[in-house]
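Notes follow once the structure below has been shown.
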Amino acid sequence: TFLPFLKLILFEGNRKVRRAEEEQLYSDHPERFEKWSQVLCREGLSGRCYWEVEWTGQEIRIGVTYKGICRRGLGYECGIGHNDMSWSLSYHYIARHSNKTITIPVPSVYSYRVGVYLDWPAGTLSFYSVCSGTLTHLYTFHATFTEALYPGFRVWNVPEGDSL
1 TFLPFLKLIL FEGNRKVRRA EEEQLYSDHP ERFEKWSQVL CREGLSGRCY WEVEWTGQEI
61 RIGVTYKGIC RRGLGYECGI GHNDMSWSLS YHYIARHSNK TITIPVPSVY SYRVGVYLDW
121 PAGTLSFYSV CSGTLTHLYT FHATFTEALY PGFRVWNVPE GDSL
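Just so you know, we're using full-length UniProt numbering here: the sequence shown kicks off at 1 and counts up by one.
Following this line, the structure appears as structure tokens:
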């Protein structure tokens, strides 16, 4: 059985994740995704927050989710953006929530850096392309958030050694 998380390595104080060539020896943990190559940040957010994500490689998804997202199995209930507990943006500029997709026009200059602004009290989650210090708005989700949101990331089909 292939367990994608076994090929993920956290490093630099758990601030970066990358794919490894060899499976890693991790013990089972109830908060680890069993079948999806995803990781969540340790702390949930419920205020106004901005962060940036930079990556190498190609196939990634950036998003937020409630802590209670399903972690066991291969169904969409576990995938960030595929359910009503999470919101995401993928590397090819597709916004996703509740498995509904919104294709976003690609900016004129492709960037491997995305800014994320969460205004939890106002119920908005915005994604921006960041290039040479300039922010270009990509998409904003509007929702009534009911609990803290955890930034999360999915990496797949990324060459070994590429990172997020």
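Even for Gly, the Cβ is constructed at its ideal location relative to N, Cα and C.
As the structure is a prediction and not an experimental result, all values here were calculated from the model.
Test item: CB-CB of residue i and residue j under 9 angstroms
i, j, result
"residue 90", "residue 65", "no"
"residue 80", "residue 153", "yes"
"residue 176", "residue 63", "Residue 176 lies beyond the residue range present for the chain, which begins at 1 and ends at 164; the question has no answer from this structure."
For residue j and residue i, the rounded distance between their alpha carbons
i, j, result
"residue 113", "residue 59", "13 angstroms"
"residue 129", "residue 69", "27 angstroms"
"residue 121", "residue 109", "32 angstroms"
"residue 72", "residue 39", "13 angstroms"
"residue 95", "residue 43", "23 angstroms"
"residue 144", "residue 133", "30 angstroms"
"residue 148", "residue 111", "28 angstroms"
"residue 83", "residue 76", "7 angstroms"
"residue 67", "residue 131", "31 angstroms"
"residue 106", "residue 127", "13 angstroms"
Buried/exposed call for residue i, threshold 16 Cβ in 10 Å
i, result
"residue 2", "For residue 2, the predicted model reports a pLDDT of 40, less than 50, meaning its position is unreliable and no value from the coordinates is stated."
"residue 55", "buried"
"residue 150", "buried"
"residue 47", "exposed"
Integer Cβ distance of residue i from residue j, believed to fall under 8 angstroms
i, j, result
"residue 45", "residue 118", "6 angstroms"
"residue 97", "residue 141", "6 angstroms"
(request) Could you name each continuous beta strand (DSSP E) segment of 3 residues or more that falls completely within the region 80 to 115, going from the start of the chain to the end? (result) Uninterrupted beta strand (DSSP E) stretches at least 3 residues long and entirely within the region 80 to 115 occur at 86 to 90, 94 to 97 and 100 to 103, given in chain order.
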